[in-house]
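Following numbering that gives the first Met the number 0 from start to finish, the sequence shown increments by one per residue and tops out at 380.
Think of the CB as a built atom: it goes at the ideal place given N, C-alpha and C, for glycine as much as any other residue.
This report concerns only the one structure given below.
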Amino acid sequence: MRRILLARAESCRQFALAAVSLAALVYLSGSPVSAQVALDDEFAKEPSWKSPTSADVRAQVLAWLDERKPEDSIRKQAEALWSSDVPAPQLLEQSIKTIALVDGPSKELVDLCAKAHGTAKTPEFTWLTDEKTPAFVRNNLRLWLGKWLAQERLYDEALAQVKDLQPADVVDPATLLFYQSVCYHWMLHKAEGLASIAKLLEQRKTIPRRYEQVANLMQSDLVDLEDDSLDHISRRMNDVTRRLDLGHAGKQVRTVEDGIVASLDKLLKEMQDRANQMSQMQMRQQRQRQQDQDGDPRQRRIAGDPDNIRSLNPADISRAARAHGAGEVQSKNIGEKSGWGDLPPKEREEAMQQIGKEFPSHYRDIIEQYFRKLASEEEEK
Numbered sequence: 000m001r002r003i004l005l006a007r008a009e010s011c012r013q014f015a016l017a018a019v020s021l022a023a024l025v026y027l028s029g030s031p032v033s034a035q036v037a038l039d040d041e042f043a044k045e046p047s048w049k050s051p052t053s054a055d056v057r058a059q060v061l062a063w064l065d066e067r068k069p070e071d072s073i074r075k076q077a078e079a080l081w082s083s084d085v086p087a088p089q090l091l092e093q094s095i096k097t098i099a100l101v102d103g104p105s106k107e108l109v110d111l112c113a114k115a116h117g118t119a120k121t122p123e124f125t126w127l128t129d130e131k132t133p134a135f136v137r138n139n140l141r142l143w144l145g146k147w148l149a150q151e152r153l154y155d156e157a158l159a160q161v162k163d164l165q166p167a168d169v170v171d172p173a174t175l176l177f178y179q180s181v182c183y184h185w186m187l188h189k190a191e192g193l194a195s196i197a198k199l200l201e202q203r204k205t206i207p208r209r210y211e212q213v214a215n216l217m218q219s220d221l222v223d224l225e226d227d228s229l230d231h232i233s234r235r236m237n238d239v240t241r242r243l244d245l246g247h248a249g250k251q252v253r254t255v256e257d258g259i260v261a262s263l264d265k266l267l268k269e270m271q272d273r274a275n276q277m278s279q280m281q282m283r284q285q286r287q288r289q290q291d292q293d294g295d296p297r298q299r300r301i302a303g304d305p306d307n308i309r310s311l312n313p314a315d316i317s318r319a320a321r322a323h324g325a326g327e328v329q330s331k332n333i334g335e336k337s338g339w340g341d342l343p344p345k346e347r348e349e350a351m352q353q354i355g356k357e358f359p360s361h362y363r364d365i366i367e368q369y370f371r372k373l374a375s376e377e378e379e380k
């Protein structure tokens with residue numbers, strides 16, 4: 000049975016991969032927004048966030064340069080990057096270029112993100128969480144690093160970088176919310192993922208179209224996801240495969256694997272319980288049909304003999320009736336000779352033993368009670 004469930008889980012995993020492929024096709028094709036989405040937009044509440052303008056970001060960059068006081072030649076190169084308006088989708092990249100141009104440690108991080116990750120351990124950039132590092136630098140570089148890690152399928156590490164950031168902390172809040180949603184979706188954090196996606200779609204008219212389309216797919220997917228379902232199990236299996244591909248085979252992977260086995264056992268038990276309930280229901284229905292055919296549920300007539308009636312529920316063994324009478328019988332004249340009905344002690348004991356062999360033990364008690372009753376009546380006379 001577990002093999003069957005694993006096969007079905009693998010099918011669900013293939014479906015999930017197909018959904019990812021569909022997301023890529025949507026990204027390339029740019030299909031039109033549905034009428035329902037348009038209707039929802041009409042009644043949408045005021046967005047809780049907005050993207051900064053090119054002028055706003057340029058002002059942040061110049062303020063940071065004033066604090067940093069780079070050499071004149073470096074400052075001129077940095078200012079040249081902002082000599083004209085920068086399109087919204089390029090604000091993050093342009094800010095990162097500016098930071099890397101001025102700050103050495105930041106350039107090392109940016110150079111790392113320009114290469115494939117591979118199976119090597121990600122370096123620790125402790126200064127990204129140091130309050131001494133300007134917020135403009137650390138927040139946008141954390142987003143840049145988290146975006147790269149997510150693209151490299153390192154969703155755990157990516158989520159650690161971006162989950163605490165707020166839209167107002169970075170120059171590209173749409174990218175922040177999108178990659179937060181991607182990480183939550185892959186890690187099966189349903190509540191957090193739906194909340195992040197909903198916030199991203201508050202600005203569906205201004206965010207990149209690819210973000211909107213993929214967010215819609217992730218939202219539909221998470222809404223229908225049920226804990227410990229075959230789909231849920233298959234995704235965790237896929238996550239284990241991803242981790243092993245990346246060379247991560249530690250305690251966290253074993254924890255996920257143990258959870259998968261526990262979910263499969265739970266699913267098997269639920270299936271067995273349902274099968275037992277179905278079997279009991281069928282047995283009750285079968286008994287009911289038999290009783291309907293036989294008429295009185297307590298009796299049925301023997302075929303070919305309408306006067307012979309047999310109980311449908313006979314006793315398992317023969318036993319004396321539970322009711323007790325007074326033990327009185329009609330007196331009859333059986334003669335006046337003394338000692339009638341008496342047996343020699345030896346023969347009497349043999350008779351009682353024979354009764355015990357041929358009949359259940361409680362019969363002997365009843366018979367002895369009867370004889371004692373007779374003896375007491377004789378004494379009274």
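When you compare only the Cα positions, how much space is there between A194 and G103? Sequence index remark: in the sequence shown, residue 194 carries index 195 (1-based). Sequence index remark: in the sequence shown, residue 103 carries index 104 (1-based). If you take the alpha carbons of A194 and G103, they lie about 37 Å apart.
Where the alpha helix (DSSP H) containing Q76 begins and where it ends: What you label residue 76 is simply residue 77 of the sequence shown in a count that begins at 1. Q76 -> alpha helix (DSSP H) spans 71-79.
Could you check whether V101 and A77 sit closer than 8 Å to each other, using their CB atoms as the reference points? Counting from one through the sequence shown, the residue named residue 77 turns up at place 78. Counting from one through the sequence shown, the residue named residue 101 turns up at place 102. Cβ distance < 8 Å, so A77 and V101 count as in contact.
Can you give me the C-alpha to C-alpha distance between Q384 and K162, rounded to a whole angstrom? Past the edges of the chain, shown from 0 to 380, lies residue 384, and the structure says nothing about it.
Contacts around A34, its chain only, beta-carbon distance under 7 Å, and the 5 residues preceding and following it disregarded: Counted from its first residue, the sequence shown places residue 34 at position 35. Confidence in A34 is poor, its pLDDT being 43 and thus under 50, which makes the residue's placement unreliable; the coordinate value appears in the next sentence. Excluding residues within five positions, none has a Cβ falling inside 7 Å.
Using CA atoms only, rank isn't needed, just tell me which of P172, D171, A173, G192 is closest to V181. The residue given as residue 181 occupies position 182 in the sequence shown. The candidate whose alpha carbon is nearest that of V181 is G192.
Tell me the rounded alpha-carbon separation between D220 and A157. Stepping through the sequence shown from its first residue, residue 220 is reached at position 221. Stepping through the sequence shown from its first residue, residue 157 is reached at position 158. Those two C-alpha atoms are separated by around 21 Å.
Verify whether the separation of the beta carbon atoms of W185 and Y210 is less than 8 Å. Taking the first residue of the sequence shown as 1, we reach residue 185 at position 186. Taking the first residue of the sequence shown as 1, we reach residue 210 at position 211. It is not a contact, given that the beta carbons lie outside the stated cut-off.
Looking only at C-alpha atoms, which of Q160, L148, A54 sits nearest to T118? Stepping through the sequence shown from its first residue, residue 118 is reached at position 119. If we check each option's Cα against that of T118, L148 comes out closest.
Quick check: the Cα distance between V85 and V260, rounded to an integer number of angstroms? Locating residue 85 in the sequence shown gives position 86, counting from the first residue. Locating residue 260 in the sequence shown gives position 261, counting from the first residue. Spanning the two alpha carbons is a distance of roughly 51 Å.
What does the alpha-carbon distance come out to for the pair E45 and I95? Position 46 of the sequence shown holds residue 45. Position 96 of the sequence shown holds residue 95. Cα-Cα distance, rounded: 30 Å.
If contacts are defined as beta-carbon pairs under 8 Å, then L91 and L142 qualify, I think. What distance do you get, rounded to the angstrom? By 1-based counting over the sequence shown, the position of residue 91 is 92. By 1-based counting over the sequence shown, the position of residue 142 is 143. Contact flag correct, Cβ pair sits at about 7 Å.
Buried versus exposed, by CB contacts within 10 Å (16 or more), S448: Residue 448 lies beyond the stretch modelled for the chain, which goes from 0 to 380, so this question has no answer here.
Assuming contact is defined by CB atoms lying nearer than 8 Å, are Q218 and A173 in contact in what I supplied? Residue numbering aside, residue 218 sits at position 219 when the sequence shown is read from its first letter. Residue numbering aside, residue 173 sits at position 174 when the sequence shown is read from its first letter. Going by C-beta atoms, Q218 is not nearer than 8 Å to A173.
Could you give the distance in angstroms between the alpha-carbon of H188 and the alpha-carbon of D168? The residue labelled residue 188 in the question sits at position 189 within the sequence shown. The residue labelled residue 168 in the question sits at position 169 within the sequence shown. Taking the straight line from one Cα to the other gives about 23 Å.
Between P31 and R208, what straight-line distance do the alpha-carbon atoms span, to the nearest angstrom? By 1-based counting over the sequence shown, the position of residue 31 is 32. By 1-based counting over the sequence shown, the position of residue 208 is 209. Summary for P31: the model assigns pLDDT 43, below 50, so the residue's position carries little reliability; its value from the coordinates is reported in the next sentence. If I take the Cα positions, the gap works out to 10 Å.
Could you give the uninterrupted runs of the alpha helix (DSSP H) lying entirely in the region 82-151, keeping only those of 4 residues or more? 90-101, 103-112, 134-150
In angstroms, rounded to a whole number, what distance separates the CA positions of D125 and R137? As a position in the sequence shown, residue 125 is number 126, starting the count at 1. As a position in the sequence shown, residue 137 is number 138, starting the count at 1. Checking the sequence shown, residue 125 turns out to be Thr, not Asp. If you take the alpha carbons of T125 and R137, they lie about 10 Å apart.
Reduced DSSP secondary structure (H/G/I, E/B, other) of V56: Reading the sequence shown from its first residue, position 57 is the one you call residue 56. If DSSP states are grouped into helix, strand and coil, V56 belongs with the helices.
Should W48 and K198 be called a contact, given that it needs their Cβ atoms to be closer than 8 Å? The sequence position of residue 48 within the sequence shown is 49, counting from 1. The sequence position of residue 198 within the sequence shown is 199, counting from 1. Cβ atoms of W48 and K198: closer than 8 Å.
Alpha helix (DSSP H) segment containing T205, residue limits: Numbered from its first residue, the sequence shown carries residue 205 at position 206. Unbroken run through T205: none, as it is neither H nor E.
According to DSSP, is P185 part of a helix, a strand, or is it coil? Taking the sequence shown and counting its residues from 1, one reaches residue 185 at position 186. Note that residue 185 is Trp in the sequence shown here, rather than Pro. Note: W185 maps to helix in three-state DSSP.
Have a look at R183 and Q279 and give me their C-alpha separation to the nearest angstrom. Along the sequence shown, read from residue 1 onward, the residue named residue 183 stands at position 184. Along the sequence shown, read from residue 1 onward, the residue named residue 279 stands at position 280. Residue identity differs from the one stated: residue 183 is Tyr in this sequence, not Arg. Rounded to whole angstroms, Y183 to Q279 spans 43 Å at the Cα level.
Out of Q290, P88, S72, L127, which has the shortest C-alpha to C-alpha gap to I206? Within the sequence shown, the letter at position 207 stands for residue 206. Of the listed residues, the one whose Cα sits closest to I206 is P88.
For P122 and V109, I'd like the C-alpha separation in whole angstroms. Translated into positions along the sequence shown, residue 122 becomes position 123. Translated into positions along the sequence shown, residue 109 becomes position 110. The straight-line gap from Cα to Cα measures roughly 12 Å.
Our contact map puts I98 next to L144 with C-beta atoms below 8 Å; I'd like the distance itself, whole angstroms only. Along the sequence shown, one-based indexing puts residue 98 at 99. Along the sequence shown, one-based indexing puts residue 144 at 145. About 12 Å separates the two Cβ atoms, so there is no contact after all.
With 16 as the cutoff for other CB atoms within 10 Å, does R234 come out buried or exposed? As a first step, residue 234 is located in the sequence shown; it is residue number 235 there, counting from the start. Buried.
Through-space distance from D257 to D171, alpha-carbon basis: For this step, residue 171 is matched to residue 172 along the sequence shown. For this step, residue 257 is matched to residue 258 along the sequence shown. When rounded, the distance between both Cα atoms is 39 Å.
Consult DSSP for L175 and reduce its assignment to one of helix, strand or coil. As a first step, residue 175 is located in the sequence shown; it is residue number 176 there, counting from the start. It is helical.
Below 8 Å between beta carbons: does that hold for L111 and Q93? The count along the sequence shown starts at 1 and reaches residue 111 at position 112. The count along the sequence shown starts at 1 and reaches residue 93 at position 94. Not in contact: L111 and Q93 (Cβ atoms no closer than 8 Å).
Could you check the C-alpha separation between H116 and K250 for me, to the nearest Å? For the purposes of this step, residue 116 is taken as residue 117 along the sequence shown, with counting starting at 1. For the purposes of this step, residue 250 is taken as residue 251 along the sequence shown, with counting starting at 1. Cα-Cα distance, rounded: 22 Å.
Using 8 Å for Cβ pairs, my map puts A382 next to L200. What's the rounded Cβ distance? Because residue 382 is not part of the residues shown, which for the chain are 0 to 380, the question remains open.
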